[in-house]
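Visitor: Residue numbering for the sequence shown follows the working numbering, starting at 9 and increasing by one per position.
Note that the Cβ used here is the ideal one computed from N, Cα and C, for glycine as well.
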Amino acid sequence: MNTCHITQKDLSPDTPKKHRPVIKLKRTLNYHRLMRRIKICLWIVIAGLAISGITAFPLQTELNWLTNNGNWLPVVAQHWLQTVYHAIVVSNAQYPFLSYGTDWLAFAHLMLALLFAGPLRDPVKNLWVIQFGMLACLCVFPLAFIAGAVRGIPWFWRFIDCSFGLLGIIPLFIAYANVKHLKYLDRNGL
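(1) Near L50, what residues of its chain come up, given a Cβ to Cβ distance below 7 Å and the 5 sequence neighbours on each side ignored?
(2) Tell me which residue opens and which closes the alpha helix (DSSP H) that Q106 is part of.
(3) Quick test of your reading: G109 and V148, contact by CB under 8 Å. State the CB separation rounded to the nearest angstrom.
(4) When the Cα of F115 is compared with those of A58, G78, Y93, L89, which residue comes out closest?
(5) Would DSSP call W80 helix, strand or coil?
(6) Expressed to the nearest angstrom, what Euclidean distance is found between the alpha-carbon atoms of I46 and W112?
(7) To the nearest angstrom, report how far apart F65 and H117 are at their CA atoms.
(8) Out of A155, L146, F167, which has the shortest C-alpha to C-alpha gap to I177?
(9) Among Y93, G56, R41, N38, which one has its Cα closest to the Cα of L175?
(10) Counting C-beta neighbours from all protein chains within 10 Å, is the total for P179 16 or more, i.e. buried, or is it exposed?
(11) Classify N38 as helix, strand or coil using the three-state DSSP reduction.
(12) Leaving aside the five residues before and after N100 along the sequence, list all residues of the same chain whose C-beta is less than 8 Å from its C-beta, in chain order.
(13) How about L135 and V187: are their beta carbons less than 8 Å apart?
(14) Where in the stretch 114 to 196 do unbroken runs of the beta strand (DSSP E), each at least 3 residues long, occur, reported from the N-terminal end onward?
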C-alpha cells in the first residue's frame, strides 16, 4: 500500500493489521524528549539494581567497615548492624556456604538490571519489562512486612527495605507513563 495516500479509514482499528499502512513515528522534538525521559528513568533503575547487586557480594567487609565507622547512625541502627555483622562473621566461619545464597541474590540483581536493556532499545515493544519492574517494586512491601516479621527484622529496617520498592517504582512509573504517551503518538502517526 502506498503510504502517500493514507485515509482515516486506513488508520482505523477496524482495518485488519495486514492492510494498514506502515507509518514510522516521526522523529519529532516531542519523541526525542519522551525517549530521553524514558532512558534516564531506566538508567536510574539499572544503576540501582547494579549497585544493589555489586554491594551484596562483600557483605562481611561492608558491615565491618560500617560497624567501625557508623557512629553517625542512630544507636538502634548501630546495635542492629553489629548484630547482623556478628551473625555473618559466625556464619562465614562455621558455614561459609550460606553466603552462596547472598551471591545468588547479588547475581539476580545484576540479571534484573540487564533485563532493562530491552526497554532501553525499544521501550514500546518491551513495556512488559517496565510493568514487571513496577510489580516487583510493589511486592517488596508484603515481603518486607511478612518475612521481616517471621525473621525478627526490626521495624525500622523493614521500612528501609520498603524504601527500595518506593524509590524503584517512581522512575519506573515515569518511564511507563512516557512509553504509553509514545505508543499513543506511534499509533496516531504523530
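Guide: Straight from the coordinates:
(1) If we look at L50 and ignore the five residues flanking it on each side, its Cβ neighbours are F124, P127, L128, A183.
(2) Residue 106 is actually Leu in this sequence, not Gln. Per DSSP, L106 belongs to no alpha helix (DSSP H) and is neither H nor E.
(3) That pair is no contact at about 18 Å.
(4) Ranking the options by Cα distance to F115, first place goes to A58.
(5) W80: coil per DSSP, three-state reduction.
(6) Taking the straight line joining both Cα atoms gives about 29 Å.
(7) C-alpha of F65 to C-alpha of H117: approximately 11 Å in a straight line.
(8) Nearest option by C-alpha distance: L146.
(9) Comparing C-alpha distances from L175 to each of Y93, G56, R41, N38 shows the shortest one belongs to G56.
(10) That one is buried.
(11) If DSSP states are grouped into helix, strand and coil, N38 belongs with the helices.
(12) If we look at N100 and ignore the five residues flanking it on each side, its Cβ neighbours are Q68, L106, S107.
(13) Yes, Cβ-Cβ distance for L135 and V187 is below 8 Å.
(14) Counting only runs of 3 or more residues that sit fully inside the stretch 114 to 196, no beta strand (DSSP E) segment turns up.
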